[in-house]
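What follows is one structure encoded as structure tokens, with my remarks underneath.
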């Protein structure tokens with residue numbers, strides 16, 4: 001591991017600790033104004049689904065994008081936590097028996113195994129709802145106009161035109177066998193949209209102009225695609241112990257990926273190209289963008 | 001039926017037509033900015049869950065509360081539609097096999113029966129997400145500060161401290177047998193919170209001061225409770241054909257309600273008292289509040 005990689009991984013871990021602490025605070029056993037109670041088992045299921053030692057890559061993107069553009073650090077941490085709530089809700093629902101039917105996530109029982117299916121459904125619902133609560137809450141010190149832009153961008157990234165729509169396409173892909181364009185759309189929605197939002201959110205938090213916001217968004221788009229390409233390669237090669245979840249499932253289900261369509265070499269080349277183009281997008285920011293560029297390389301080379 | 005009741009029912013139907021049209025427009029097969037696609041089967045499932053000929057009581061409360069206080073009518077219609085998306089998502093998820101396991105809703109197959117469980121989960125998720133999209137969208141012509149108040153109030157009414165939390169308490173009630181206070185909290189969260197939000201939203205849309213907002217909120221709280229008391233009575237007396245769904249389920253499950261705790265007469269008296277107190281809260285507005293007061297009476301006397 002070169003020193004640049006070591007430095008990045010240290011920064012990512014440092015960030016994950018802060019995000020975990022913020023999430024633990026947000027999911028404490030204390031009612032906020034307008035809340036009547038936080039039922040114990042539902043709160044515990046939400047915490048189980050969120051406080052799981054994840055890498056917190058999406059919040060990292062929010063925090064580093066905001067930092068690059070001079071955005072408020074505390075607001076970025078809170079928006080990062082909101083984004084992580086959406087990401088984790090999607091995992092809780094995705095693991096349900098009617099969806100991917102996974103019993104393990106990061107080597108621990110999934111929420112519907114640790115609790116029950118009804119509680120897992122409600123915990124996912126509550127985490128999704130809470131993401132918008134966090135953005136709107138008075139503790140997130142941003143002007144209302146910026147908060148509303150964040151609400152809109154997060155809703156579009158998460159809903160039928162984004163992540164949830166991508167999951168629907170993914171379910172259909174088991175029998176539809178989409179072509180290359182279909183796979184790209186599916187992946188851009190299912191995985192890419194939240195990652196892109198993470199980068200765009202930093203620009204919104206910093207009140208950046210449209211050109212810079214579009215640039216960060218394009219950067220996010222590319223590392224979102226890189227993330228998925230790396231995932232497809234991992235599904236092919238990694239074993240379950242490294243991933244902490246079942247692997248080889250795509251192939252077992254006959255689900256089309258770019259690997260099955262074009263082969264491993266093509267995907268490795270496409271992955272390298274995404275990282276290169278992502279890096280070029282941030283060239284105008286010089287050395288200041290090094291954490292984000294390291295994140296792009298990390299996404300492409302991750303082992304789990 | 002007296003002429004006042006007939007007039008109210010006409011107004012409610014007229015309103016429902018407008019809300020249905022707005023929901024159909026919002027759920028059209030057209031991508032909004034930032035959306036990459038609206039997958040057909042997911043969109044169809046969302047439409048199935050929403051465009052079902054409901055009474056649209058919650059949007060009615062938003063629209064009439066806003067009208068009472070001079071709020072923008074189009075914005076109120078859109079916020080009403082957003083609230084209905086949350087209400088309908090909760091029904092889609094509540095009907096799932098792991099939750100209430102209902103095959104029928106308004107005499108039609110529920111979403112997981114008409115489509116499948118995975119699609120129903122995603123349709124509910126997407127409807128919830130879309131509610132926040134609608135509030136934040138540029139087409140909703142309200143100042144950002146008011147939109148953020150709406151996002152926060154809706155999130156608190158819907159999440160762990162509101163509706164979803166109430167559903168968790170409701171699931172637990174089958175074995176916990178809560179006391180009177182426990183039942184009141186459960187109901188205020190599960191059913192009351194969204195109804196209360198409907199009335200409070202009108203005040204937010206109109207930019208009303210805190211005293212008026214609190215008054216509308218208290219009014220909503222009372223009709224939310226009245227709604228649930230009427231529901232408990234209906235569960236005791238109505239048949240499945242009138243309700244368009246299975247009835248007598250509370251008793252069959254041994255689930256505690258105020259009816260099982262105090263008997264029918266006590267609940268009928270409590271219901272009348274809620275309507276009386278709700279009416280008194282709006283007395284300062286005089287004749288202008290007649291539609292909302294009629295709504296309170298309607299909620300208490302509804303037959304399905």
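Residue numbers (the UniProt record's numbering), protein chains in the order written: chain A, 1 to 304; chain B, 1 to 304. We treat Cβ as the ideally placed atom computed from N, Cα and C, and that holds for glycine. Treat the numbers as computed from the prediction; the structure is a model and nothing was measured.
Under the three-state DSSP convention, the category residue i falls into
i: residue 58 of chain A; result: helix
i: residue 144 of chain B; result: helix
i: residue 108 of chain A; result: strand
i: residue 165 of chain B; result: helix
i: residue 11 of chain A; result: helix
i: residue 28 of chain A; result: coil
i: residue 159 of chain A; result: coil
i: residue 208 of chain B; result: coil
i: residue 71 of chain B; result: coil
i: residue 80 of chain B; result: helix
i: residue 273 of chain B; result: helix
i: residue 130 of chain B; result: helix
i: residue 303 of chain B; result: coil
i: residue 256 of chain A; result: coil
i: residue 177 of chain B; result: coil
i: residue 46 of chain A; result: helix
i: residue 22 of chain A; result: helix
i: residue 297 of chain B; result: helix
i: residue 97 of chain B; result: coil
i: residue 2 of chain B; result: coil
Span separating the alpha-carbon of residue i from that of residue j
i: residue 121 of chain A; j: residue 142 of chain A; result: 31 Å
i: residue 194 of chain A; j: residue 216 of chain A; result: 13 Å
i: residue 210 of chain B; j: residue 276 of chain A; result: 54 Å
i: residue 256 of chain B; j: residue 102 of chain B; result: 20 Å
i: residue 115 of chain B; j: residue 97 of chain B; result: 13 Å
i: residue 127 of chain A; j: residue 87 of chain A; result: 9 Å
i: residue 241 of chain A; j: residue 47 of chain B; result: Note that residue 241 of chain A has pLDDT 49, beneath the 50 cutoff, so the model's placement of it is unreliable and no number is given.
i: residue 117 of chain A; j: residue 111 of chain A; result: 8 Å
i: residue 78 of chain B; j: residue 273 of chain A; result: 44 Å
i: residue 280 of chain B; j: residue 185 of chain A; result: 56 Å
i: residue 287 of chain A; j: residue 90 of chain A; result: 34 Å
i: residue 269 of chain B; j: residue 180 of chain B; result: 16 Å
i: residue 166 of chain B; j: residue 200 of chain B; result: 19 Å
i: residue 55 of chain A; j: residue 156 of chain B; result: 28 Å
i: residue 7 of chain B; j: residue 17 of chain B; result: 16 Å
i: residue 214 of chain B; j: residue 146 of chain B; result: 16 Å
i: residue 29 of chain B; j: residue 36 of chain B; result: 12 Å
i: residue 158 of chain A; j: residue 177 of chain A; result: 24 Å
i: residue 260 of chain B; j: residue 45 of chain B; result: 36 Å
i: residue 38 of chain A; j: residue 161 of chain B; result: 5 Å
i: residue 196 of chain A; j: residue 80 of chain A; result: 13 Å
i: residue 104 of chain A; j: residue 235 of chain A; result: 16 Å
Residues near residue i in its chain [Cβ-Cβ closer than 7 Å; skip 5 each side]
i: residue 24 of chain B; result: 51
i: residue 149 of chain B; result: 204
i: residue 282 of chain B; result: 219, 289, 292 and 293
i: residue 307 of chain A; result: With chain A represented from 1 up to 304, any question about residue 307 of chain A goes unanswered, as that position is not in the structure.
i: residue 13 of chain A; result: none
i: residue 11 of chain A; result: 291
i: residue 100 of chain A; result: 94
i: residue 302 of chain B; result: 230
Cβ-based neighbour list, residue i, same chain, cut-off 8 Å, excluding 5 preceding and 5 following
i: residue 285 of chain B; result: 68
i: residue 271 of chain A; result: 226, 229, 230, 233 and 300
i: residue 73 of chain B; result: 63, 66 and 67
i: residue 20 of chain B; result: 51, 53 and 56
i: residue 171 of chain B; result: 99
Same chain only: Cβ atoms within 6 Å of residue i, ignoring 5 sequence neighbours per side
i: residue 131 of chain B; result: 82, 85 and 86
i: residue 296 of chain A; result: 223, 275 and 278
i: residue 93 of chain B; result: 124
i: residue 169 of chain A; result: 186
i: residue 140 of chain B; result: 75 and 78
Whole-number beta carbon distance between residue j and residue i, since they are thought to touch under 8 Å
i: residue 129 of chain A; j: residue 164 of chain B; result: 7 Å
i: residue 380 of chain A; j: residue 43 of chain A; result: Residue 380 of chain A lies beyond the stretch modelled for chain A, which goes from 1 to 304, so this question has no answer here.
i: residue 192 of chain A; j: residue 61 of chain A; result: Wrong, their Cβ atoms sit about 12 Å apart, outside the cutoff.
i: residue 137 of chain A; j: residue 152 of chain B; result: 6 Å
i: residue 154 of chain B; j: residue 135 of chain B; result: 7 Å
Proximity test, residue i beta-carbon vs the ligand MG heavy atom, cut-off 7 Å
i: residue 105 of chain A; result: Ligands in the displayed structure: none, and consequently the ligand MG is not present.
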